[in-house]
Amino acid sequence: MKTKWILMMFALTMLVVITNAQTIDKKSSVVNFKIKAMGMMNVEGTFTGFSGDVKFDSKNLSSSSIDVCINASSVNTGNTQRDNHIRSADFIDSEKYGKICFTSSSIKADGNNYIAEGKLTLHGVTKTVKIPLTYQNNTLKGTLEVKRLDYKVGESYGTFRAGEIIYLDINCVLNSQNLTRL
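Using our numbering, read the sequence shown as starting at 13 and increasing by one per residue.
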């Protein structure tokens, strides 16, 4: 009897824990960007090629985290020549710096929305940023303004030829799945 009791207690301590984790829907997730060019027109495009992990629980933000990268060479503006120039050492140097990454250090509530604070690494430079987020229908949406020269992107190009601010719209679609951990 005592052996059964010990086995039962051991089994109880090994209970399965269900966590709510999400995988990134790589086909539906995208980062759209916009930057001024020649002082008057906008160049718009997208980055795809997401990878990483997202754990988001609006009821337990302290256990939530974002650790994602996008493939820097996935840039697409609809103009092959321009895309190749953006990928080149003149701008993001995707051959040397293949990924653009964000790793959160905290996610906090901001009214009905959220603020993810963390490190953005772009072109080999890492800086702390805050990304305002919304979460609805398994989709995290955020916006971020990046001063390209802070990340040494296109340093030889003045702010007239290539604008100072890169405007990012993040659309990260998540596939919920219940993961079982022992």
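Here a beta-carbon is modelled for each residue, glycine too, at the ideal position from N, C-alpha and C. Treat the numbers as computed from the prediction; the structure is a model and nothing was measured.
Report task. Classify glycine 123 as buried or exposed, calling it buried when 16 or more other Cβ atoms lie within 10 Å of its own Cβ. Result -> Answer is exposed; the Cβ neighbour count stays below 16.
Query raised in the report: Just to confirm, does arginine 160 get its C-beta within under 7 Å of one of the non-hydrogen atoms of the ligand ATP?
Result: You won't find the ligand ATP in this model; it holds no ligand whatsoever.
**Report entry** Anticipated Cβ contact below 8 Å, threonine 146 with valine 185, distance rounded
**Finding:** No, threonine 146 and valine 185 are not in contact; Cβ-Cβ is about 13 Å, not under 8 Å.
Report task. Give the single residue among Ile104, Gly61, Ile47 whose Cα lies nearest to the Cα of serine 40. Result -> Gly61
Requested in this report: Within its chain, find whatever has a CB closer than 8 Å to the CB of leucine 19; leave out the 5 residues flanking it on each side and keep chain order.
Outcome: Confidence at leucine 19 is low in this model, with a pLDDT of 41, below 50, so the placement of that residue should be treated as unreliable; the coordinate-derived value is given next. Once the five neighbours on either side are set aside, leucine 19 has no close Cβ partner at all.
Query - Burial state of alanine 174 (16 or more Cβ within 10 Å) - result: buried
Query raised in the report: Does the separation of the CB atoms of aspartate 65 and aspartate 79 fall below 8 Å?
Result: Yes, the Cβ-Cβ distance between aspartate 65 and aspartate 79 is below 8 Å.
Query raised in the report: Buried or exposed: glycine 154, going by 16 or more other Cβ atoms within 10 Å of its Cβ?
Result: Under this definition glycine 154 is a buried residue.
**Report entry** Spatially closest choice to threonine 140 from Asn125, Asp162, Tyr126, by CA coordinates
**Finding:** Asp162
Query raised in the report: Which runs of the alpha helix (DSSP H) spanning at least 4 residues fall entirely within the region 64-152, listed in chain order?
Result: 92-99
Query raised in the report: Going by other Cβ atoms of all chains shown within 10 Å of its Cβ, with 16 needed for buried, is alanine 84 buried or exposed?
Result: Buried is the call here.
Query raised in the report: Between glutamine 34 and phenylalanine 68, is the Cβ-Cβ spacing less than 8 Å?
Result: yes
**Report entry** Cβ-based neighbour list, cysteine 113, same chain, cut-off 6 Å, excluding 5 preceding and 5 following
**Finding:** Cys81, Thr133
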